[in-house]
Amino acid sequence: GIQVEQSPPDLILQEGANSTLRCNFSDSVNNLQWFHQNPWGQLINLFYIPSGTKQNGRLSATTVATERYSLLYISSSQTTDSGVYFCAVEQGNQGGKLIFGQGTELSVKP
Amino acid sequence: DAGVTQSPTHLIKTRGQHVTLRCSPISGHKSVSWYQQVLGQGPQFIFQYYEKEERGRGNFPDRFSARQFPNYSSELNVNALLLGDSALYLCASSYRGQGNNEQFFGPGTRLTVL
Chain R
21 GIQVEQSPPD LILQEGANST LRCNFSDSVN NLQWFHQNPW GQLINLFYIP SGTKQNGRLS
81 ATTVATERYS LLYISSSQTT DSGVYFCAVE QGNQGGKLIF GQGTELSVKP
Chain L
4 DAGVTQSPTH LIKTRGQHVT LRCSPISGHK SVSWYQQVLG QGPQFIFQYY EKEERGRGNF
64 PDRFSARQFP NYSSELNVNA LLLGDSALYL CASSYRGQGN NEQFFGPGTR LTVL
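As structure tokens, then:
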């Protein structure tokens, strides 16, 4: 089956710093989503981005489907950005099944 | 509009018992998927239901079952609970069953099996 790899696994930043999270996937996909999981376990939708570039405030994402990777950019990080960031992909013949990476745990220090 | 809702939020059971978890999708969404997330890992797909029919099943034993009701809400049932079933159970809803299909997650049910 498709493999989804996220890097780095852990990241510690000072408040105000920028960061880039990466998601590599091993096969073609028709859906890619980025989520932020807060300390209470809620998965918050950040981007639905099977291809192209999107921006939402301090966050932006780019997916290059032909090269099978996606990047999540966080600028001017804040302590509230702390948590685990997941990339998840769906293949067209898999009945709506999202395959998640192992996540990147981000800690932003004041 | 209300998001995806799940009940209960927390649950403690003992080995061998049965549990039922409930999920209500976003209004207008016809698909519900269930995921299990154990500590330190990403969520793992269990089931997807679309228009009240099972459309996908993950690699979970037959102790896990689910159904979707005419109002598109869903139940996940787990029989003969094992310690390893302790996890956060997440429900996701989407408008369509697959393809170009953003999924939205509920807050989860945290199950502890003693």
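Line by line, the protein sequences give chains R and L.
Residues in the first sequence are numbered consecutively from 21, following this note's numbering.
Residues in the second sequence are numbered consecutively from 4, following this note's numbering.
A virtual CB, placed ideally from N, CA and C, is assigned to each residue, including glycine.
Since the model is a prediction, treat every value here as computed from it, not as a measurement.
Asked	Found
Less than 8 Å between CB atoms is the rule here; does K117/R satisfy it with respect to chain L?	yes
Which whole-angstrom value is the C-beta distance of L118/R and L41/R, which I expect to be below 8 Å?	Wrong, their Cβ atoms sit about 17 Å apart, outside the cutoff.
Can you check whether the CB of N44/R is closer than 8 Å to the CB of Y89/R?	yes
Relative to the C-alpha of L50/L, which residue among S96/L, S10/L, G6/L, L85/L is closest?	One point to set straight first is that residue 50/L is Phe, not Leu, in the sequence displayed. Of S96/L, S10/L, G6/L, L85/L, the residue nearest in Cα terms is S96/L.
Whole angstroms are fine: how far does the CA of G36/R sit from the CA of F63/L?	43 Å
So with CB distances below 8 Å, who are the chain R contacts of E105/L?	N51, Q53, N65, Y68
Less than 7 Å separating the Cβ of P29/R from some heavy atom of the ligand FAD?	For the ligand FAD, the structure offers nothing, since it holds no ligand at all.
Could you work out which residues of chain L lie near Q122/R, taking near to mean beta carbons separated by less than 9 Å?	G43, Q44, G45
Excluding sequence positions up to five away, which residues of its chain have a Cβ less than 6 Å from the Cβ of T23/L?	E78, N80
In whole angstroms, what separates the C-alpha of S39/R from that of A83/L?	45 Å
Whole angstroms are fine: how far does the CA of Y38/L sit from the CA of F55/R?	14 Å
Between the C-alpha atoms of T73/R and A85/R, what's the straight-line distance to the nearest angstrom?	11 Å
Please look up how many angstroms separate the CB atoms of S80/R and V128/R, rounded, as I've assumed it's under 8 Å.	So it is not a contact: roughly 17 Å between Cβ atoms.
Does chain R have any CB closer than 8 Å to the CB of F67/L?	no
Pick out whichever of G112/R, N50/R, Q34/R, I64/R has its Cα sitting closest to the Cα of T83/R.	N50/R
State the DSSP-derived secondary structure class of D30/R, mapped to helix, strand or coil.	strand
For the region 11-42 of chain L, which residues have a beta carbon sitting closer than 9 Å to at least one beta carbon of chain R?	S34, S36, Y38, Q40
How far does the beta strand (DSSP E) with R70/L in it extend, from its first residue to its last?	67-71
Which value, in whole angstroms, describes the spacing of the CA atoms of E57/L and G111/L?	21 Å
Against S97/L, what residues of chain R qualify as contacts under a CB-to-CB distance less than 9 Å, listed in chain order?	G116
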